[in-house]
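Asker:
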Amino acid sequence: MSRYRGPKGKIVRRFGTNIYGTPKFDRLLANRPNPPGQHGATHNRRKLSDYGQQMLEKQKLKYCFGVTEKQFRITFERARRMQGITGDNLLILLESRYDNVVYRAGLAPTRDAARQLVLHGHLSVNGRRVNIPSCTMRAGDTITVKDSSRSLALTRRYLEESVHREVPEWVQVDQENLKVVVDRTPLRTDLQSVANEQLVVELYSK
197 MSRYRGPKGK IVRRFGTNIY GTPKFDRLLA NRPNPPGQHG ATHNRRKLSD YGQQMLEKQK
257 LKYCFGVTEK QFRITFERAR RMQGITGDNL LILLESRYDN VVYRAGLAPT RDAARQLVLH
317 GHLSVNGRRV NIPSCTMRAG DTITVKDSSR SLALTRRYLE ESVHREVPEW VQVDQENLKV
377 VVDRTPLRTD LQSVANEQLV VELYSK
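When you line the sequence shown up against the numbering used here, it's residues 197 to 402, in that order.
(1) Between V363, V396, T340, which lies nearest to L387 when the distance is taken from Cα to Cα?
(2) Taking Cβ to Cβ, would you say G283 is nearer than 9 angstroms to S358?
(3) Comparing C-alpha positions only, which one of T218, R242, P219, R199 sits nearest to R210?
(4) Can you tell me which of the three DSSP states R384 falls into?
(5) Hey, how far is the Cα of I281 from the Cα of L287?
(6) Enumerate in chain order the residues of its own chain whose CB-to-CB distance from K291 is below 7 angstroms, with the five nearest sequence positions on each side excluded.
(7) Can you have a look at I339 and say buried or exposed, based on whether 16 or more other CB atoms are within 10 angstroms of its CB?
(8) Spatial neighbours of Y259 within its chain, please: C-beta separation below 7 angstroms, excluding the five flanking residues on both sides.
(9) Does the ligand ZN have even one heavy atom less than 8 angstroms from the beta-carbon of L287?
(10) For the stretch 307–315 and the stretch 372–382, state whether three or more C-beta atom pairs, one from each stretch, are separated by less than 8 angstroms.
(11) Return the chain-ordered ranges of every alpha helix (DSSP H) run that is complete within the stretch 229–307 and spans a minimum of 4 residues.
(12) Please confirm whether L350 and P329 have their CB atoms less than 9 angstroms apart.
(13) What do you get for Q279, buried or exposed, if any count of 16 or more other CB atoms within 10 angstroms of its CB means buried?
(14) Starting from K375, follow the beta strand (DSSP E) in both directions and report where the run begins and ends.
(15) Since T351 is in the alpha helix (DSSP H), which residue starts that stretch and which ends it?
(16) Buried or exposed: which applies to D427, given that a residue is buried once 16 or more other Cβ atoms fall within 10 Å of its Cβ?
(17) Helix, strand or coil, according to DSSP, for R325 in the structure here?
(18) Determine the burial state of K220: buried for a count of at least 16 other Cβ atoms within 10 Å of its Cβ, exposed for fewer.
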């Protein structure tokens with residue numbers, strides 16, 4: 197299944213929660229809290245079965261991080277093989293994705309924009325060009341911006357757009373030199389999940 201590229205407002209209204217964290221979607225939900233579609237305004241959200249709720253929680257994570265079904269399955273299997281709690285591991289792996297770290301650091305206003313920065317070669321990891329958004333960032337990894345006028349101008353503009361976003365404690369940002377250092381692997385207590393990850397674990401455990 198390919199990555200969703202449609203209107204994000206519809207996804208936010210469908211889930212009834214701002215999975216992207218962008219303020220404009222908070223305003224959208226305040227003005228249009230009902231699901232999208234012809235009958236959205238007249239129909240209450242129906243109660244889901246256990247399976248339906250599990251699927252919903254998985255979809256929230258997929259859309260939030262912009263991953264395909266195949267990528268999500270691979271990430272879950274990695275989480276399952278790791279020591280510790282599978283649900284916690286899943287969130288930590290998703291948060292540690294290259295494109296997500298770029299977004300969290302404020303080098304891009306959205307995860308989609310972060311993915312484009314990575315894919316188009318505007319960034320390097322530990323001095324080497326890496327253009328795979330799904331790469332896992334580890335403690336000590338350093339992300340820098342390509343020394344070109346276009347890359348520098350683009351990331352500085354993105355930083356200005358992201359100035360009010362809080363940078364997580366496990367990431368260190370040098371805005372003057374456009375450098376990001378992953379201080380440590382994020383902990384579950386560092387993360388605010390948009391979904392109930394335990395229901396995702398139950399879904400894949402069947």
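Backbone N, C-alpha and C fix where the C-beta goes; we use that ideal spot for every residue, glycine too.
Answerer: Let me lay it out:
(1) Among V363, V396, T340, the Cα nearest to that of L387 is on V363.
(2) Contact: no.
(3) When each option's Cα is compared against that of R210, the closest is R242.
(4) DSSP places R384 within a helical segment (H, G or I) once states are collapsed to three.
(5) So the alpha carbons of these two residues sit roughly 10 angstroms apart.
(6) In the sequence on display, residue 291 carries Glu and not Lys. Contacts found: P382, L387.
(7) In summary, I339 is buried, with 16 or more beta-carbon neighbours lying within 10 Å of its beta-carbon over all protein chains present.
(8) Setting aside the 5 residues that flank it on each side, Y259 is surrounded in the same chain by Y200, I207, I215, each with a C-beta closer than 7 angstroms to its C-beta; the list follows chain order.
(9) The model depicted lacks the ligand ZN and carries no ligand whatsoever.
(10) With a cut-off of 8 angstroms, the stretch 372–382 and the stretch 307–315 do not count as touching, because too few Cβ pairs lie within range.
(11) Listed in chain order, the complete alpha helix (DSSP H) runs (minimum 4 residues) inside the stretch 229–307 are 246–261, 265–277, 282–291, 294–300.
(12) Not a contact, by the Cβ cut-off of 9 angstroms.
(13) Q279 comes out exposed.
(14) K375 -> beta strand (DSSP E) spans 375–378.
(15) Start and end: 345–357.
(16) The structure shown does not extend to residue 427, since the chain is modelled only from 197 to 402, so the question has no answer here.
(17) In this structure, R325 counts as strand in the three-state DSSP scheme.
(18) By the neighbour-count rule (16 or more Cβ atoms within 10 Å), K220 is not buried but exposed.
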